[in-house]
DNA sequence: TATGAATGAGCCTTCATTCAT
DNA sequence: GATGAATGAAGGCTCATTCAT
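Protein chains in written order, with UniProt numbering: chain A, 1 to 242; chain B, 1 to 242; chain C, 1 to 242; chain D, 1 to 242.
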């Protein structure tokens, strides 16, 4: 029902307007109360229609919720690829994706909460348009990763999907307290740190022990060479005692 | 279990035993139907008591859910620290934490789903015992990270909390399809990959400093060789000493 | 009334009509069982609607009760003032008020019992419309009393409110056994006696001032007679002149 | 059960003590919450016993309420007649009864409210001990009234029962706002006014028109007598001109 | 005598959804 | 297309009372 957006184009305008009214009201009420506590009658009142009218446009309450979230995702995707095109370099692109995701959450915590709490994890999600949109959305990151891997910038043994999980999962976990209205969210800082961590990992790169052994070996060779031919040119090395 | 069909047939039991019966039944029913669709009467029937009895032990339906999940968390925490004590080395410990978390999810996907879908994200969560247990649980990882940082094994500029978010968030995102009964979960593989990714990041390390040193050393050796025997032949190899 | 047994058989009715149906059924059920023992489902069945319909018109069970009693009060007030306008003289008006109140109780003992037992004395009563109606109702008496006082017919030192309490309280106490189905109620007799008692009090009036004056006058006449004809006979009587 | 207060005298002490504890707790809880909202478990907790124990002493919750109110009535009756014996004169005695009743209400508004709201008007009341006590209590007034009537102090045509209704009903109506915690209660003032009103009624005793006519007639007769025999002795009268 | 675990019957209420107008 | 009255199922929860221990 909601998918069939406008069959007869000559009556499309009022229909689209009605739907916008309803969806705006629904977004408000759902955001404020959550799905279960939201009532169709309140949404109807907010949209200036009666309950029955809503069922002319949406199959049921849940369809309305999904539609509201769909609109959100559509708006998020709209200029995503375009904007990304202006960002060059693996790191920058990765950071952009992370930053943008954090920003979307910060800008619409209520919708985000709805999505996390009411939609994702439910059985019908994987058959929904919302799921397809979500895949489209996350695929942007996947492509960046694949490109980076093809370019040799990323380790070839990685599971791209797992990297995606780590990024979106990490973000989601990070914003949990913010979404629960129990903490702030510093988008810039989190984006920077997450990008950094994802890129470079967490371990302190130790002075590579392997090359130390090689170094030592080379030095011994050099000493040998020096005995044969004492240093006289420009390069300095620490030499052992005689 | 459902033999007690007689009228007013008591079966006075110690408090703990009754609670175990009820909680077992509740775990089943909640797991099967989710919170909303679970009915107290079904739980009561499963436990072999009447509905009223349940309210002697639990404030309300939600309290019962939280208690069931509490018991799960308690059991997860029970031997956690002990087991971890047997694991040495930052990487191993990190991998153990990740592996164990994945394993808990794989072993109890239903409870896990309940926790994600019904509890976390609700308003009362942050005041619940469950929240305290969850903090206790995640603190194990936090301590490992802090120790690793103190030992200089981890980069000192990290946000420990963000590392935790990335790990648990990454796991959660990764298991989503499994929890939705739409995919398998390879605990070992995921643990290994996640540990690796978290530790080392995703970028292809640029030719390590060691190899840089080797290059330099080789050049020096070439120069030595040139002194002994000016270049005349085509191929060069490192030869042993006399 | 209960013909509508078909599945999903609507019988769309104007709002007022539906409410009348429901209130009639409610009045019956409440009267028969009292508030607590009355069940919404029984009321709904009696009204030929389903339970949910009742909640379209009334907030809750109690609101329904209050509405039922409101209607009663409204009907009592409807022609009250008009009828009273046809009654002249303080005593007659007072008697009419008392008589009418007794009559209302006799005509609707069930509603009256409901009002006394379930509403008056509860916390929400003083905020209810019913309370306002009750004040309106009793104010009719108050005005009569005030008028009587202004006209000098009533003692000026009276507390009007206390007179009202004595009248309505007296009536209420008097009808208690009748309401408890343990006695009869003779409206005419009670109205007459109460009016009389309220008006004149209970004490035996000492020989009225008028008779005192008569006594004195007779004595004076005797003295006049003595002057004309000094006492010589035994018995004295008042004799005419000449 | 509660009526059989102490069969075996050797275990009476502890039994009586227990009952006192329970009744004290019950009085508190009933007073605070009313009958319906009072829970046996709260009463039990307040008395330091378990629910089951209460049923050893009282048949059921209502029996406990009636017992609590019985104790109150017993205490009210205890010294009633004695005190009244010290009051002489119909008016004084009547005022004492009214005053004492008002005072009892003021001292125990909660118990009074319970009695009015929960007991009186219920079906079992007329069979209860409480009813017998109440009759005993009101009979004190009835006797006063009968005595007053026999002594000629009260009008012989009164319905004693109706006078009682007017007094107790008037009091009850008057204290209603106080019991609803919405007004104060001035015992002395109310007692005085009510006594006065009951005794003397509300009408302004008019200068008896009948005796005025007689007076005038007598005066004419006196003027006749004066013409026959002009005034010369000590008694003064207001005489007309001429 | 005291305990206190267990009983068990019901009712109010909600609200998404339908469909006659 | 819009209306909005009516549906109707479903379930959490309470608490006085009982009775085995």
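Backbone N, C-alpha and C fix where the C-beta goes; we use that ideal spot for every residue, glycine too. Here the structure is a predicted model, which is why all the values come from computation and not from measurement.
Exercise for review: Return no unless some Cβ of chain C is closer than 8 Å to the Cβ of residue 73 of chain D.
Suggested key: For residue 73 of chain D, the answer is no, since every Cβ of chain C falls outside 8 Å of its Cβ.
Check your understanding: So residue 40 of chain C and residue 61 of chain C are in contact, right, with Cβ under 8 Å, and what is the actual spacing, rounded?
Key -> Contact flag correct, Cβ pair sits at about 6 Å.
Exercise for review: Return the residue from the list C:85, C:31, C:104 that minimises the CA-CA distance to residue 188 of chain C.
Suggested key: Considering only C:85, C:31, C:104, the residue with the shortest C-alpha distance to residue 188 of chain C is C:104.
Practice item. Identify whether residue 20 of chain B lies in helix, strand or coil by the three-state DSSP scheme. Key: Note: residue 20 of chain B maps to helix in three-state DSSP.
Exercise for review: Can you tell me which of A:57, A:95, A:72 puts its alpha carbon nearest to the alpha carbon of residue 22 of chain A?
Suggested key: Residue A:57 holds the alpha-carbon nearest to the alpha-carbon of residue 22 of chain A among A:57, A:95, A:72.
Review point. Considering only residues of the same chain and omitting the five flanking positions on each side of residue 151 of chain A, which have a CB-CB separation below 8 Å?
Key: Excluding sequence neighbours, residue 151 of chain A sits near 90.
**Study point:** Top-ranked residue by Cα proximity to residue 141 of chain D, from D:155, D:124, D:127, D:162
**Key:** Looking at the Cα atoms, D:162 is the closest of the given residues.
**Study point:** Beta carbon of residue 133 of chain C nearer than 8 Å to that of residue 70 of chain C
**Key:** Taking 8 Å as the Cβ cut-off, residue 133 of chain C and residue 70 of chain C qualify as a contacting pair.
Check your understanding: Do the region 155-170 of chain B and the region 155-170 of chain A meet, that is, are 3 or more Cβ pairs less than 8 Å apart?
Key -> Yes, the region 155-170 of chain B touches the region 155-170 of chain A.
Review point. With 16 as the cutoff for other CB atoms within 10 Å, does residue 183 of chain B come out buried or exposed?
Key: Here residue 183 of chain B is exposed, its C-beta having fewer than 16 other C-beta atoms within 10 Å.
Review point. Under the DSSP definition of a beta bridge, which residues are partnered with residue 154 of chain B?
Key: The partner list for residue 154 of chain B (beta bridge, DSSP) reads A:203.
Review point. For residue 187 of chain C, which of helix, strand or coil comes out of DSSP?
Key: Looking at residue 187 of chain C - three-state DSSP - the assignment turns out to be helix.
Review point. Just how far apart, CA to CA, sit residue 7 of chain D and residue 25 of chain D?
Key: Note that residue 7 of chain D has pLDDT 39, beneath the 50 cutoff, so the model's placement of it is unreliable and no number is given.
Review point. Does DSSP classify residue 59 of chain B as helix, strand or coil?
Key: Residue 59 of chain B: coil per DSSP, three-state reduction.
Check your understanding: What residues in the region 129-163 of chain A bring their beta carbon closer than 7 Å to a beta carbon of chain B?
Key -> Under the 7 Å Cβ criterion, the region 129-163 of chain A contributes 152, 153, 154, 155, 158, 159, 162, 163.
Review point. Going along chain C in order, which residues have a C-beta closer than 9 Å to the C-beta of residue 172 of chain D?
Key: Counting only Cβ-Cβ distances below 9 Å, residue 172 of chain D has contacts in chain C at 165, 169, 172, 173, in chain order.
Review point. In three-state DSSP terms, what is residue 38 of chain C?
Key: Under the three-state reduction of DSSP output, residue 38 of chain C falls in the coil class, being neither helix nor strand.
Point to revise | Rounded C-alpha distance that separates residue 160 of chain C from residue 145 of chain C | key: Approximately 7 Å, taken between the alpha carbons.
Check your understanding: Using the beta-carbon of each residue, which ones in chain A are nearer than 9 Å to residue 113 of chain B?
Key -> Here the neighbours are 121.
**Study point:** Contact with chain C by residue 40 of chain D, beta-carbon distance below 8 Å
**Key:** So, not an interface residue.
**Study point:** C-beta contact flag for residue 190 of chain C and residue 95 of chain C at 8 Å
**Key:** Taking 8 Å as the Cβ cut-off, residue 190 of chain C and residue 95 of chain C do not qualify as a contacting pair.
Point to revise | Test item: CB-CB of residue 148 of chain D and residue 201 of chain C under 8 Å | key: No; because the gap between Cβ atoms is not below 8 Å, this pair is not in contact.
Point to revise | alpha helix (DSSP H) segment containing residue 108 of chain C, residue limits | key: That residue, residue 108 of chain C, is in no alpha helix (DSSP H); it is neither H nor E in DSSP.
**Study point:** Cutoff 6 Å; reference residue 195 of chain D; Cβ partners in own chain excluding five residues on either side
**Key:** So the qualifying residues of the chain are 94, 95, 98.
Practice item. For residue 238 of chain A, decide whether its Cβ has a neighbour in chain B, counting only Cβ atoms nearer than 8 Å. Key: Because the pLDDT of residue 238 of chain A is 33, which lies under 50, any placement of that residue in the model is unreliable, and the number read from its coordinates should be weighed accordingly. It does not; no Cβ of chain B falls within 8 Å.
Practice item. Starting from the beta carbon of residue 200 of chain A, find every residue of chain B whose beta carbon is closer than 7 Å, and list them in chain order. Key: In chain order: 201, 203.
Check your understanding: In three-state DSSP terms, what is residue 14 of chain C?
Key -> The answer is coil: DSSP assigns residue 14 of chain C none of H, G, I, E or B.
Practice item. Report yes if the C-beta distance between residue 158 of chain A and residue 197 of chain B is below 8 Å; otherwise report no. Key: Yes, these two residues count as a Cβ contact at 8 Å.
Point to revise | Interface residues of chain B facing residue 116 of chain A [CB-CB closer than 7 Å] | key: By Cβ distance, chain B contributes 121.
Review point. Between which two residues does the alpha helix (DSSP H) harbouring residue 175 of chain B extend?
Key: Residue 175 of chain B -> alpha helix (DSSP H) spans 160-179.
Review point. Which residues, in order along the region 73-98 of chain A, keep a beta-carbon less than 7 Å from a beta-carbon of chain B?
Key: Here the close residues number zero.
Exercise for review: Please confirm if residue 126 of chain A has its CB atom under 8 Å from at least one CB of chain B.
Suggested key: True, the Cβ-Cβ gap to chain B drops below 8 Å.
Point to revise | Residue-chain proximity (residue 65 of chain C, chain D), Cβ-Cβ < 8 Å | key: Judged by the 8 Å Cβ criterion, residue 65 of chain C is not in contact with chain D.
Point to revise | chain B residues whose Cβ lies nearer than 8 Å to that of residue 182 of chain A | key: Within chain B, the residues 126 have their CB atoms less than 8 Å from the CB of residue 182 of chain A, given in chain order.
**Study point:** Contacts around residue 156 of chain B, its chain only, beta-carbon distance under 7 Å, and the 5 residues preceding and following it disregarded
**Key:** Taken in chain order, the residues that qualify are 149.
Practice item. Check whether the Cβ atoms of residue 102 of chain C and residue 72 of chain C lie closer than 8 Å to each other. Key: Result no, Cβ atoms of residue 102 of chain C and residue 72 of chain C do not sit closer than 8 Å.
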